[in-house]
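K.L.:
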Amino acid sequence: MRTVDLGRHFDVVTCLFLAIGYMVTPDDLQAAIHQMAGHLSPGGVLVVEPRFHPEAWTDGLVLADSANGDGLAISRLSHSTRDGEIAQFDFYWSVGRGPALNAPDKGDEMAVEQWTEWHRLALRTQNEYRDAFDRAGLDVEHDSEGLIGRGLYLARKPSRDRPCS
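Here this note's numbering is used: the first residue of the sequence shown is 16, the next is one more, and so on.
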């Protein structure tokens, strides 16, 4: 994200599902926004869905999700912590395969797998995001609700380039 160069321009560039949060330093954030802005046509729009802003973070939060289907059961337990401006998410996954209740035996397909994922994402303020967009020469608006309640930045490249800082 910090170095990608597709060699062309687009009317719209998107960075959704909090992917921008993986830019853990302010320099990473600036470089990523600058690279995405560089792919915009004049008048083009950059859409960025941030991770949580620091003031919306709940340290120590534990959540569970699960789903059952035909011969498949999945669960995810998550635990989140904070170290300064970095949020860490620990995901504990379990996936079970086997016959569903009242279903014919499926033989050797029964198994339970478990694994853990760790994710570190930056918690950035609105001012930090706005500064990154401004330095990339973009005019930005913030929609506080966004797609799923986490906000959304809509940044437009002016029809005529303005200098980046």
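Every residue, glycine too, gets a C-beta built ideally from N, C-alpha and C.
These figures come from a predicted structure and were not determined experimentally.
Looking only at C-alpha atoms, which of Gly53, His94, Ser90, Ser95 sits nearest to tryptophan 108?
P.N.:
Minimum Cα distance to tryptophan 108 is reached at Ser90.
K.L.:
My assumption, with CB atoms under 8 Å, is that isoleucine 101 sits in contact with valine 60. Please give the rounded CB distance.
P.N.:
Their Cβ separation, rounded to whole angstroms, is 29 Å, which puts isoleucine 101 and valine 60 out of contact at 8 Å.
K.L.:
Ignore the nearest five residues each way along the sequence and tell me which others in proline 57's own chain have a CB closer than 8 Å to its CB.
P.N.:
Same-chain partners within the cutoff: Lys172, Pro173, Ser174, Arg175, Asp176.
K.L.:
Please give the ranges of any beta strand (DSSP E) in the stretch 98–161, keeping only runs that are unbroken, at least 3 residues long and fully inside the region.
P.N.:
Within the stretch 98–161, the complete beta strand (DSSP E) runs of at least 3 residues are 101–112, 126–137, 154–158.
K.L.:
By how many angstroms is the C-alpha of phenylalanine 106 removed from the C-alpha of glycine 113?
P.N.:
Straight-line Cα distance between these residues: approximately 23 Å.
K.L.:
With DSSP run on the structure shown, which of helix, strand or coil describes glycine 58?
P.N.:
Strand at glycine 58.
K.L.:
Count the C-beta pairs between the stretch 25–33 and the stretch 140–155 that are closer than 8 Å, then say yes if the count reaches three, no if not.
P.N.:
Contact fails: fewer than three Cβ-Cβ distances are below 8 Å.
K.L.:
Whole angstroms are fine: how far does the CA of valine 77 sit from the CA of glutamine 50?
P.N.:
Using only the alpha carbons, I get a separation of about 35 Å.
K.L.:
Do leucine 167 and phenylalanine 67 have their C-beta atoms closer together than 8 Å?
P.N.:
Taking 8 Å as the Cβ cut-off, leucine 167 and phenylalanine 67 do not qualify as a contacting pair.
K.L.:
Would the beta-carbon of glycine 182 fall within 8 Å of that of proline 69?
P.N.:
The first residue shown for the chain is 16 and the last is 180, placing residue 182 beyond what the model contains.
K.L.:
Which residue from Asp43, Gln103, Leu153 puts its Cα closest to that of threonine 131?
P.N.:
Nearest of Asp43, Gln103, Leu153 to threonine 131, Cα basis: Gln103.
K.L.:
Using DSSP's beta-bridge definition, name the partner residues of leucine 92.
P.N.:
DSSP output for leucine 92 lists Ala79, Tyr107 as bridge partner(s).
K.L.:
Which value, in whole angstroms, describes the spacing of the CA atoms of aspartate 98 and proline 41?
P.N.:
Distance between the alpha carbons of aspartate 98 and proline 41 is about 16 Å.
K.L.:
Could you pull the DSSP bridge partners for threonine 29 from this structure?
P.N.:
DSSP, once it has assigned bridges, lists Val62 as partnering threonine 29.
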